[in-house]
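Residue numbers 8 to 531, in this note's numbering, belong to the letters of the sequence shown in order.
In this text, a Cβ means the ideal position worked out from N, Cα and C, and glycines have one as well.
All values reported here derive from a predicted model rather than from experimental measurement.
Input: a single structure, listed below in structure tokens.
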Amino acid sequence: MSMASTTPATTDRRPTAGLDAERDDGVAELTRTLTIRVLSVASEVHPLVRTGGAAGGLADVVGALPAALAREGVAVRTLVPGYPAVVEALGGAETVAEIPDLFGGPARVLAGVAAGLDLLAIDAPHLYDRPGNPYLAPDGTDWPDNAARFGALGLVAARIGTGLIPDYRPDIVHGHDWQAGLAPAYLHFAQYPKPRTVATVHGLAFAGQFPAPTLAALGLPEEAFRTEGVEYHGTLSFLKAALFYADRVTAVSPGYAAEIMTHESGMGFDGLLRARAATVTGIRNGIDDAVWDPANDPDIAAPFGVGDMAGRAANKAALQERFGLDPSPDAPLFGVVSRLSGQKGLDLVLDALPLLVALGGQLALVGEGDRWFEDSFRAAAERHPGTVGVVIGEDERLAHLLQAGADAVLVPSRFEPCGVAQLCALRYGAVPVVARVGGLADTVVDANEMALAAGAATGVMFAPATLPALETALRRTVEIFRDPEDWAGMVVAGMATDVSWRRPARKLAALYRDLLVSDAGTLP
């Protein structure tokens, strides 16, 4: 299965559409009128397979981008593993390629449309036809062959990029997170012609690390295992492969793009990212504002919008009833919809509960995650009946009601590449209370005195992510809540914020166009 060759890294990487690599106005104008073909590669895609909670993370980005990019002249096909749910959704899909041996068994590539997405799926039952989620067995442990399972994803992406499927060859292969990280590496060592590559970092915390001997099993040459390659603290890192070999690297917000170049937040990749700074771009995530639309949302108690906010009171009442909270319209109701983990700062929320209750507030939380957090929030609800309500589990419909009924949404993350909860909150008129990190700092305007006076404030920010700072933010939030004029101004400003994919899609399409006419992808 090796795609290794001795082709040097400096060899011309011209796009398969036949565009000249020289930067000139004529070529740039041509690329703006062409449909750019992009193969998006990911381990999850909404609504077929998703982990990480309602309206959050990788799957939602991968599922929403194709429609947003289509408006920018970009045609996206999405390659995903053939999990049972994906194969079932594709039904009688066409087999467009067969692979006799894909890391231990035969495979085929299926092509079809499901949930409005133009999909390619790797139907390899020996790798993907199993229970559990994409990464974990039912007992919660990693699948022992994850290196092969996601190495196959990268390899098939690379082979599609070099002509595996008749009549389809993408101009750009765009991989998401570590699971697609080997695609740029396989393409680097592949024969020409081949597409350009983009790697998006949704979070550096997961590096996709495997023992060094895995390199040979995955068909990569020995020369790849070095500091200027896939080696990471003595292991093979799929994420390192993406960061080193991709022509362009994007992070899911400008703030996070800056943070990951620092020693404090770079997870050991900061030196490489600083060396590649000219190829690193921060483009914030968006949300599907047709799905997240309070004026036309079937999952909330009553519709509402900036011009008619009466329905918000009905949603607050419905949320209080659903979570067993006292039916008090005047109590500041804080919501949390999140994966329950230390990274998300949920321990700070637990520690701040005495103050929140003393301030007359209520808390409604929906999410799942670490067992300790689940048990601790259940216990908190028992200690504070009528004031704290908790639903453990993933429930997207309930997440919609929470955003529509909560007065404020807490997002106290210690680090946050972009964040989605605060974007949904802005759309639904819930004031985000967020830590000043990553994408949270990029998407919320703090309610300082001047921002309030100008009508520009959309939320409350605090730093650092500590209990005293969160408690100060809670006091500020309740103080503003008690001032109807200032609070209404924040709600309206938040709802007027464009949190859709329109602006990010324009920026990403511009990056694609630039990549196709430049030499910016040269390795450091």
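CA-to-CA distance, residue j to residue i, given in whole angstroms
i: G445; j: G99; result: 43 Å
i: W494; j: A461; result: 13 Å
i: M268; j: E101; result: 43 Å
i: E266; j: A92; result: 36 Å
i: R482; j: L366; result: 8 Å
i: A458; j: T169; result: 52 Å
i: P138; j: P336; result: 44 Å
i: N140; j: F110; result: 20 Å
i: R404; j: H53; result: 15 Å
i: V467; j: A359; result: 16 Å
i: A24; j: A223; result: Bear in mind that a pLDDT of 38 at A24, under 50, signals an unreliable position, so the number given afterwards is only what the model happens to contain. Looking at the two C-alpha atoms, the distance is approximately 33 Å.
i: R443; j: F469; result: 6 Å
i: A386; j: P73; result: 42 Å
i: G312; j: N322; result: 13 Å
i: A1; j: Q350; result: Missing from the structure shown is residue 1; the chain here goes from 8 to 531 and no further.
i: E492; j: G314; result: 16 Å
i: V395; j: Y142; result: 33 Å
i: V68; j: C431; result: 14 Å
i: L433; j: M502; result: 5 Å
i: A248; j: F384; result: 39 Å
i: I167; j: A264; result: 29 Å
i: G278; j: L477; result: 32 Å
i: A197; j: D149; result: 30 Å
i: L117; j: M316; result: 47 Å
i: P228; j: V163; result: 17 Å
i: R513; j: H391; result: 47 Å
i: A28; j: L189; result: Caution is warranted here: a pLDDT of 35 is assigned to A28, below 50, making its placement in the model unreliable, and the coordinate value is therefore given only provisionally. Each residue's alpha carbon lies about 25 Å from the other.
i: W508; j: V427; result: 12 Å
Secondary structure of residue i, DSSP reduced to three states
i: G501; result: helix
i: L515; result: helix
i: V524; result: coil
i: E118; result: One point to set straight first is that residue 118 is Ala, not Glu, in the sequence displayed. In the structure shown, A118 sits in a strand (DSSP, three-state: E or B).
i: E486; result: helix
i: L459; result: helix
i: E478; result: helix
i: D382; result: helix
i: D184; result: coil
i: G400; result: coil
i: E101; result: strand
i: E229; result: helix
i: A415; result: strand
i: A192; result: helix
i: L246; result: helix
i: D453; result: strand
i: D277; result: helix
i: I549; result: Limits of the chain in this structure are 8 at one end and 531 at the other, which puts residue 549 out of reach.
i: L258; result: Note that residue 258 is Ala in the sequence shown, not Leu. Here A258 sits in strand by DSSP.
i: I167; result: helix
i: V154; result: Before going on, a small fix: residue 154 reads as Ala here, not Val. Correct three-state label for A154: helix.
i: D67; result: helix
i: R509; result: helix
i: A128; result: strand
i: T221; result: helix
Within 7 Å, strictly: CB atoms of residue i and residue j
i: G80; j: T42; result: yes
i: V498; j: G400; result: no
i: V452; j: Q429; result: no
i: D402; j: V356; result: no
i: S260; j: G289; result: yes
i: A253; j: A320; result: no
i: G376; j: R421; result: no
i: F380; j: L408; result: no
i: G262; j: D449; result: yes
i: G318; j: P339; result: no
i: V87; j: I179; result: no
i: A121; j: A96; result: yes
i: L134; j: R156; result: yes
i: D130; j: G89; result: yes
i: V441; j: A415; result: no
i: L65; j: D174; result: no
For residue j and residue i, believed in contact at Cβ under 8 Å, the rounded distance
i: H181; j: S47; result: 5 Å
i: M274; j: A212; result: 7 Å
i: P424; j: A472; result: Wrong, their Cβ atoms sit about 15 Å apart, outside the cutoff.
i: L332; j: A413; result: Going by Cβ atoms, the distance from L332 to A413 rounds to 11 Å, so no, they are not a contact pair.
i: A187; j: G161; result: 6 Å
i: R545; j: L523; result: Since the displayed the chain opens at 8 and closes at 531, residue 545 lies outside it and no answer follows.
i: L243; j: L280; result: Rounded, the Cβ-Cβ distance is 19 Å, inconsistent with contact.
Report the start-end ranges of each beta strand (DSSP E) in the stretch 303-379 that is 3 residues or longer and not cut off at the edges.
As for any beta strand (DSSP E) of minimum length 3 sitting wholly inside the stretch 303-379, the runs are 340-344, 369-374, ordered along the chain.
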